[in-house]
Structure formats: structure tokens, C-alpha cells
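A quick write-up on the structure given underneath.
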Amino acid sequence: MKEIILIKLGEIVLKGLNRKSFEDTLIKSIKRRLSGVGRFDIRYAQSTIRVEPLDDDTDMDEAVECVSRIFGIAAFARACVTDKDIGSIKTAAAEYLRDTLEGVNTFKVEAKRSDKSFAMQSPEICREVGGFLHDTYPHLTVDVHEPDVTVTVEIRDFGAYIRAGLIRGAGGIPVGTGGKACVLISGGIDSPVASYMMAKRGLELTAVHFASPPYTSELAEQKVVQLLERVARYSGRIKMFTVPFTEIQNEIRDKCIEDYFTIIMRRFMMEIAEIIAGQNDCQALITGESLGQVASQTIGAIACTDSACNMPVFRPLIGMDKEEIITVSRKIDTFDISIQPYEDCCTVFTPKHPKTKPALNKVLEEQNKLDCRRLVEDAVKNVRVTMIY
Amino acid sequence: MKEIYLDNSATTQVCREAAEKVVSIMTETYGNPSSLHTKGYEARMELEAARKTVAQVLSALPEEIYFTSGGTESNNTALIGAAEALKRRGNRIVTTAVEHSSVIEAAQQLQKRGFEVVFLPVEPNGSVSPESLQQTITKDTILVSMMAVNNETGAFQPIEAVSRLIARAGAPALFHVDAVQAFGKIPVKPKKIGADLVSISSHKIHGPKGAGALYIRKGARILPLHYGGEQEKKLRPGTEALPALCGMAEAVRVLPDMQQENALMRGIHQHLRARLAGIDNVHINSGDDGLPYIINFSVCGIRSETMLHFLAERGIYVSSGSACSKGKKSYVLRAMGLSDSLIDSAVRVSFSRFSTKEDADSLADSILLANNTLARTR
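Protein chains in written order, with this note's numbering: chain A, 914 to 1302; chain B, 27 to 404.
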């Protein structure tokens, strides 16, 4: 018996004339993401994508895992394919759904006949299949209102599909349809969540990480790689740039008033990220800032950091509570990595009394004590690149 | 760049003799010690020879040595096994606030099971005072667990006093000594100490990881944590990790003379101490009467993790006395009453017989450099 995955599209179906390009991007990303799992035939017809394994020993559990993390998919289901013949449909349904049906008490059957050349009409198909399942599994009773399981029979172009229920997909819109943006990632809880949320809105990701050896270690950078690997399960591959940041931090510490340390540091980060973003065709920056979470994320501090760059800065977490952010980070499996205790570039030089209401002119006055252009150029010149899959 | 490994309390380099032994057991004497054929018999002979070697250095009987997977398992077996075996005779367990986490957390587990556990505080030098011990060991005490040497500071505990205090209180208590850091560095003789249970580990004395032992005095009874086999007299069932165990015995066999080595270590220790004392901002946390192999100090204002990476860049490997600003602070240093700023900047250096005075000098030079160049926390 052949098992396939049926994929129902999400928001894409609301698109107008550019719908086709959204669909194409989605199919391309399904193809790319499944290429690591095995060989598949992927076809699209009647708002449904059909993923069929070409080899018998394909790991369908892994394929389903993979599909569940692709944005642009509203729902999906595992289904079995059979000939468009009521006899085959009945026996296939009984056999394929054995485990499911033996574990429940009530069921109903739904039929969708999009191939109108099929001889029976939908209600007839339901009666036939329902009757047969009831005979095969006598413990079952029919409940059309709140069944434990809904068996769906779809008669389509390429065959008849039998499935039990639909699984909710990752939602969102396909990665790549929204363009490309660059995320500033530290290793904490917030930035991976921000990355995930923006990928969900169709953005392809590039990442910038700031490393300050010896204040931060290889372990801290490795942690960021692990985080991005988790994010990449949703967003697809990510190009990560590691920026050497020790000199800039030392310079700020030595020459600027302590209270402005964090603000000036963040302005440098934005400026450097914007340059790297520009060089990599990104049209926006992404940060994990949440209003008021720490001193550098007050409205005044954000105004100061924001003015360091011209690109739009997406801050998807801006209105979220820490608890809400943690819920998402647990969902995407980054929380346990984020809480590993290593120093990161944000913790080491933290001033005792950071400015919560910095005045931009004062910040600029402090920052201008430094040879900003050279510092930024040096940092950008010495970035290291890692590809994350 | 020359590698200077000064983190020997975390683990040690396996000595050549032990490594060769491990390979020969894996490739030649690979039988299951429980098998009845020749291959099994040869393996059994190796296992018993290893047991004898370990017993000898502890001045114990071979049948008092139970092999385990290491210090953590030995400590868990000792605490939980003894408490469960003696629970009808009393309810109190006495230990200290500075034990290794495999003792502290096993004790906390026993607390959840209803035992009354006392974690004795320590003096500023890191040791428990004999007076507080005397007050705490009561008639209904069933177990006293104390480390011989503290892993973070090298401080000795007054273990010789314990067995007398147990006797004086008329308590049914067993006395467990966690000798993981002491074993191979100072004489550990359970009979002389009056210990009923003693934990030791292989990888702290240039043996392979995954091997250790629990000494159980003949006549002392504890319950097993695992079930399902006759091995180690049913106390620790499961096929013996023969390569690692024989490697441990080999490491024990080639241990140098302790007195000589101690004198050597004291020399390096005093030298480093003197050099560090000459550096501004350095505060030495270890008392000068502890185990010379370990020295714990803080470089005020420089976080442990930063210092650790700075030294690693120069090929010098030490341990942060405490996790970083985001992690947990060292409970040992806290129990000694150290301030947060000292705890956050603590570094632990631990020597081995392969360490030299030059290593200590390189370390001191780098600390001096770090002290002059690294950014300080504010």
C-alpha cells in the first residue's frame, strides 16, 4: 500500500494574480527540504500538493516532521493511495486505518469527489465505506457530529486518497516570497524566536553574530550555530556572519562614559549588520527586542539604536511578554539551547547604571570620540562565514 | 604553542601504562568475566588482579572493593544504599554544604524520601569545625558523608574525628568518605580513618574515564541501586567495564611515591602562591593548609569565564571556579562566605605529577597580563 502526504495551502490561496509565484516558491522549498529525506514525486493540482515517495523504504515519519515545519502550509495529512474503484477503496481504508480505528470508539466518513467521472456520488461513497469499516471493526459506532475520527475519502485526478483527519501545518507564507532580511543573533532566548517569526512571514534569513574573544568563547558561538540550526528547520538554510567585536567593545569601554556603553555598542551592531545585510541583498534587519525588557530596549534606547541605520528594522517581539516568547522558543526547540550559561557579547561589559532615557545628541557626542569608520570597516573586513542547514 | 594543562581536578591525561593496558584488554583479553570458557576466565583473572591492586593501595581486602563507573556512581550508591539499608535504625543523615554535587543531590533526594538531612556549614577556610560535627551527630544518625578534600579549594575536612564522634554518640551510622580528589595524592586508608564507605575514581589519577570503585568495609551492609546480575556481589550488576577498570588499576599501580610527590607539589603550590600574591587584585581563596594540588583564587573584576578563555588562548587550561554570570554561582565558595565579586572571578588551578614550576610561572605571567589588559566588570 502506497502512503503519501497531502498538503493544503495556507494564506497563499488568498493571493491574487501573484498566487502562482507563491505556489512555485512553496513547491520549490518542499522539494529542497525533502531532498535530505529521500526521493519524492511532488505534484500540485486543485489547491493540494501531493508528495509521493519514489522508494518503498522512505522514512515517512521524517518526511512528515519535515513538512510540518515548512511555512505556507495550513494543514497536511498522511494518506494512502488506491485505485479509483470502490472495492479497492474499502479494503484499503480498513487496512490502512487499522491502528487509528482500533484506538477509537466513534467515527464518520466524508467523501470528496473532485473527479466527477467517478461513478458513485459522495453520499453513496460514504455509505459504502462507512458500512464496510463498521463491519470490519464492530466496536465502532457512527457519530456524525463529534466523531473521535473522521475518515476522508478523496477521489482525485491521480487516484483515490484515504486519510484520517488533518494535521495543522506551520502556517505563514513560503520562505523566500517576502525577500531576505538579516537577523542580529546573540544566543539568548529572543533572537531565535524573532528569526522564526519573520521566516514565517516569508523572509529568507541571513544572520549576524558578534563575538568578543576572550570575553566570549567558541562555546558561545557554537551555541548560536545550534540555535540557527533549529531555526533553519523552519526557514531553510541561513548564512551566518561572525563579526569580531572585541576591539570595538574595548574602545567604547576605554573612551566613552560607562552609562552609554550598551547603547553605543548596539549602534555599532546595527551599523555593521546593515552593511553586511546590504552586501547580501537583504532589505531589512531583524532583532529580538521587546519593549522595556532591559535598559537598552526602552523607547528612548530603541530610538537611539534605530537612528544608527537606514534599513527598516523588524522587531516581531516588540509587544510580547517574556513568557509568551518562551512559549514560542519551547515550541521551536530553541529554549534549552538558549539557556546554556555562556557569556555572550551583551553580558560582559554591562554598565552598572545603563541609561534608560538616553539623549541622541549625547550618545553621538560620546560615540564620536571613537574612530567609528575605521572600527566598523575593520570589523566588516574580518567577518567569518558559516553556512547553516 | 606549548600546552599547559592545569585542570587536573576536572580530569587528567591518561598515563601511557594505563592506556596500553586498556588497549590490550580491549583487543586481547576481551572476554566476559562471567563466561565459563577460557576467554572468560582470563578476563576474570584480570578483573580480580585489578581489584587486588586497588585494595592494596587502600590497605583493604580485595572483597571490600566494588567496581563502579566512577565517583558519581560510588557516591550515589554509598548514600542511597546506606540510607535505605539503615532506615529502620534512625532517620538522620549528616553531610556538609561543600560536598560534590553527586553527594549533595543524592542527599537532597533522600530528603524527599523523608530522611532528615543536615548540611553542615563550613568555616571561612572551607572546613567543617569538629565542634559543629559533634553537636550534629546524634544517636539516630545513620549516615555521615564527608569529602576528604574539597574539589574546588583543596580544603581538608576533619574526617579522622568522625568515627570517634559516631562511636561517642552511640549512633548506628555508617561513615562515607568521598575520596575522589584525595585518592592517589594523600594516603587514603579506610581502616585508619574509620570509614565504612569510600569513593574513588580512575580519571582523576591518570586512569581512563568510566571507572571507579566504592570501598565497603567487610560487615557493612548497603542496598544496591541496580538489579539484574551477580556481578560485584549483586551490588553493582552489569557486565564489568573491564578495559576501564584494568586501566584504573594500572594507573594505581604506577602512582609515584606520595610523600615525594607531595613535597614537589607543595613547592609548585608555594611558588605560584607567592607569584600570585604579588599581583594586584588577586585574592587567594584556598587556605595554605589544604591539598597542594589545588589552588583557588580570584582576579577581582575579571569574570571567571573571560579569564578561562584568555588563558586558553595561550594554551593554559584551568577551570572557572564558578559558572559564568548567567550560570549558578559556586555553592562551595558561597558557603565559605566569599563575596559575589570574588565568586564571579574565581579560578581553580589543579596540578598533577606532570606539572612543573615553569607551568606555574607561565600561568602567573598570563594572569599578570590579563590583569593589566582585560576589561573589568563594573
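We treat Cβ as the ideally placed atom computed from N, Cα and C, and that holds for glycine. Since this is a predicted model, take the numbers as computed values, not measurements.
- Under the Cβ criterion of 7 angstroms, P1157 (chain A) is not counted among the residues facing chain B.
- Straight-line measurement puts the Cα of E1008 (chain A) at about 25 angstroms from the Cα of H1058 (chain A).
- Within chain A, no C-beta atom comes nearer than 7 angstroms to that of F141 (chain B); the closest sits roughly 31 angstroms away.
- The distance from the Cβ of L32 (chain B) to that of L268 (chain B) is about 32 angstroms, inconsistent with a contact at the 8 angstroms cut-off.
- Counting C-beta atoms within 10 angstroms of its own C-beta, H63 (chain B) has fewer than 16 neighbours from the protein chains shown and is therefore classed as exposed.
- For Y67 (chain B) and D283 (chain B), the gap between their C-alpha atoms comes out near 33 angstroms.
- Sixteen is the threshold: when 16 or more other Cβ atoms of the shown chains lie within 10 Å of the Cβ of P1127 (chain A), as they do, the residue is buried.
- DSSP places C979 (chain A) in the helix class (H, G or I) of the three-state scheme.
- Secondary structure of N1018 (chain A) (DSSP, three-state): coil.
- Not a single C-beta of chain A is nearer than 7 angstroms to the C-beta of T382 (chain B).
- Between the region 1216-1224 of chain A and the region 1112-1127 of chain A, the count of C-beta pairs closer than 8 angstroms stays below three; the two stretches do not touch.
- Taking 8 angstroms as the cut-off between beta carbons, the residues of the region 1107-1132 of chain A near chain B are P1126, P1127, Y1128, T1129, S1130, in sequence order.
- Around E178 (chain B), no beta-carbon contact reaches into chain A at under 9 angstroms, the shortest distance being about 17 angstroms.
- Of all residues in the region 317-335 of chain B, only R329, E331, T332, H335 come within less than 7 angstroms of chain A when Cβ atoms are compared, listed by chain position.
- Counting along the chain, the unbroken beta strand (DSSP E) around C1095 (chain A) starts and ends at 1093-1097.
- In the three-state DSSP reduction, A958 (chain A) falls in the strand class (E or B).
- If you draw a straight line from the Cα of Q1192 (chain A) to the Cα of L1141 (chain A), it is about 20 angstroms long.
- Judged by beta-carbon spacing, P1157 (chain A) lies beyond the 7 angstroms limit of N931 (chain A), meaning their Cβ atoms are not closer than that value.
- Excluding residues up to 5 positions away in sequence, nothing lies with its Cβ nearer than 7 angstroms to the Cβ of P1254 (chain A) in the same chain.
- In the DSSP annotation of this structure, the continuous segment of the alpha helix (DSSP H) that includes S367 (chain B) starts and ends at 366-370.
- Spanning the alpha carbons of S381 (chain B) and I320 (chain B) requires a straight line of approximately 12 angstroms.
- DSSP places F1154 (chain A) inside the beta strand (DSSP E), whose first and last residues are 1151-1157.
- Secondary structure at T121 (chain B): strand, using DSSP grouped into helix, strand and coil.
- In terms of beta-carbon proximity, E29 (chain B) stays away from the interface with chain A, with every pair separated by 7 angstroms or more.
- Around the CB of G1085 (chain A), 16 or more other CB atoms lie within 10 Å, so the residue is classed as buried.
- Using beta-carbon distances, E1160 (chain A) does not count as an interface residue toward chain B, since no partner is under 7 angstroms.
- For P966 (chain A), the pairing in a beta bridge is given by DSSP as A:F953.
- The Cβ atoms of A1186 (chain A) and V1121 (chain A) lie closer than 7 angstroms to each other.
- If you check each beta-carbon in the region 1254-1279 of chain A against every beta-carbon of chain B, the ones closer than 7 angstroms belong to P1254, Y1255, E1256, T1260, V1261, F1262, P1264, K1265.
- H202 (chain B) counts as buried, since at least 16 other C-beta atoms from the protein chains shown sit within 10 angstroms of its C-beta.
- Straight-line spacing of the CA atoms in K113 (chain B) and S346 (chain B) works out to 39 angstroms.
- In this structure V1017 (chain A) is not in contact with C1039 (chain A), their Cβ atoms being roughly 18 angstroms apart against a cut-off of 8 angstroms.
- Shown here, T995 (chain A) sits in a strand according to DSSP, grouped into three states.
- Residue contact check for A390 (chain B) against chain A: no CB pair falls below 7 angstroms.
- Bounds of the beta strand (DSSP E) holding V143 (chain B) are 142-146.
- Identification of chain A residues near A401 (chain B) by a Cβ-Cβ cut-off of 8 angstroms yields Y1128, Q1162, N1163, R1166, V1261, F1262, ordered along the chain.
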